[in-house]
């Protein structure tokens, strides 16, 4: 009799194990990235556009001051623009790469400078949508009198490879260190179908301080910020974190003096020279469409159709 009890007990154990084994062998479901949340909306300026000192000529790295806007920014968003879809390109599964995405520009408005220049001011946010951190370190190079930037590209086993990624520069106006040529801002004309046509205004490539400023609501976002200081030793953007330059930051402009009224697109591109190693270089640009009428700017929800062209 004890042998029979033991025999039936073994049968019950095997049946029970077979019923639950599927839950342990199935691969985990892939989390669908949620919409991200950009930096908190900056309160609109309330002072008139009178500045004590006229702004210096347009220069991204050395502009002396940021004149006070004459108008409230158009259509300040309460939600962050949705980033590009998560890339599907095949990557080495042993690598934990970042994925840099420029979100569509926002807080856009026209500002008129005392000398008559018309510029678009706007806020720009860069999201790291990849599973790996964007981490860069600086090292002084006496032979070239520069600070070389090296990216640490991590493997799943915790080791990392080194990848040359440009140079650091000290930004006098911002009073901290930037990675050179990290963003590019362009205004494009549109075809009658609303497609990007030609670049009609551009700002020189912008240097950037890389840091964890705002946590997105992506499920894979790191719970706490890691990079909070802009020095020449180490900078970075953690997975799921956003780095934002607000519209009142010196350099957040495109000069559109003389641009006729019409419908255009403002495109922001992160890492335009592909200095950084990442998952997908094809989703680095974010675009916002807008109508321009003199000093008035209206942000549009998406690509327009039936655009009037010359």
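In our numbering, the protein residues as written are 231 to 540. Beta carbons are placed, not taken as given, at the ideal position from N, Cα and C, and that holds for glycine. Please read all numbers here as calculations on a predicted model, not as lab measurements.
Using 8 Å for Cβ pairs, my map puts residue i next to residue j. What's the rounded Cβ distance?
{"i": "residue 371", "j": "residue 378", "result": "5 Å"}
{"i": "residue 416", "j": "residue 497", "result": "5 Å"}
{"i": "residue 330", "j": "residue 500", "result": "5 Å"}
{"i": "residue 533", "j": "residue 424", "result": "4 Å"}
{"i": "residue 348", "j": "residue 487", "result": "5 Å"}
{"i": "residue 332", "j": "residue 516", "result": "4 Å"}
{"i": "residue 335", "j": "residue 353", "result": "7 Å"}
{"i": "residue 527", "j": "residue 342", "result": "That pair is no contact at about 12 Å."}
Whose C-alpha, out of the options, is nearest the C-alpha of residue i?
{"i": "residue 468", "options": "483, 339, 450 and 489", "result": "450"}
{"i": "residue 548", "options": "400, 526 and 383", "result": "Residue 548 lies beyond the stretch modelled for the chain, which goes from 231 to 540, so this question has no answer here."}
{"i": "residue 459", "options": "478, 479 and 438", "result": "438"}
{"i": "residue 364", "options": "431, 373, 457 and 340", "result": "457"}
{"i": "residue 435", "options": "505, 455, 367 and 444", "result": "505"}
{"i": "residue 407", "options": "442, 463, 482 and 473", "result": "463"}
{"i": "residue 453", "options": "440, 472 and 342", "result": "472"}
{"i": "residue 366", "options": "404, 431 and 396", "result": "396"}
{"i": "residue 513", "options": "346, 324, 338 and 356", "result": "356"}
{"i": "residue 346", "options": "531, 530, 525 and 537", "result": "525"}
{"i": "residue 411", "options": "369, 398 and 391", "result": "398"}
{"i": "residue 360", "options": "507, 455 and 529", "result": "507"}
{"i": "residue 391", "options": "332, 477, 510 and 362", "result": "362"}
{"i": "residue 338", "options": "375, 485 and 537", "result": "485"}
{"i": "residue 481", "options": "333, 404, 344 and 342", "result": "404"}
{"i": "residue 444", "options": "527, 474 and 369", "result": "474"}
{"i": "residue 385", "options": "413, 322 and 358", "result": "322"}
{"i": "residue 433", "options": "414, 455 and 400", "result": "414"}
{"i": "residue 503", "options": "427, 430, 428 and 409", "result": "409"}
{"i": "residue 428", "options": "341, 489 and 368", "result": "489"}
{"i": "residue 381", "options": "476, 531, 342 and 440", "result": "440"}
{"i": "residue 358", "options": "373, 538 and 442", "result": "442"}
{"i": "residue 368", "options": "535, 400 and 389", "result": "400"}
May I ask which residues mark the beginning and end of the beta strand (DSSP E) holding residue i?
{"i": "residue 431", "result": "426-438"}
{"i": "residue 343", "result": "Element bounds for residue 343: n/a, residue is neither H nor E."}
{"i": "residue 381", "result": "376-385"}
{"i": "residue 369", "result": "364-371"}
{"i": "residue 324", "result": "Run containing residue 324: none; DSSP gives neither H nor E here."}
{"i": "residue 348", "result": "348-358"}
At a cut of 8 Å, does the stretch 490-507 reach the stretch 416-425 through at least three beta carbon pairs? Three or more pairs of CB atoms, one per stretch, sit closer than 8 Å, so the stretch 490-507 contacts the stretch 416-425.
Validate contact between the stretch 513-523 and the stretch 434-454 using beta carbons, cut 8 Å, 3 pairs: They do not touch, by the three-pair rule.
Enumerated in chain order, which unbroken segments of the alpha helix (DSSP H) with a length of 4 residues or greater are wholly contained in the stretch 472-531? Those alpha helix (DSSP H) runs which fall completely within the stretch 472-531 and span 4+ residues do not exist here.
What beta strand (DSSP E) runs, 3 residues minimum, are completely inside the stretch 446-470? For secondary structure counted as the beta strand (DSSP E) over 3 or more consecutive residues, the stretch 446-470 holds these complete runs in sequence order: 464-467.
At what residue ranges does the stretch 395-421 contain a whole run of the beta strand (DSSP E), taking only runs of 3 or more? As for any beta strand (DSSP E) of minimum length 3 sitting wholly inside the stretch 395-421, the runs are 406-420, ordered along the chain.
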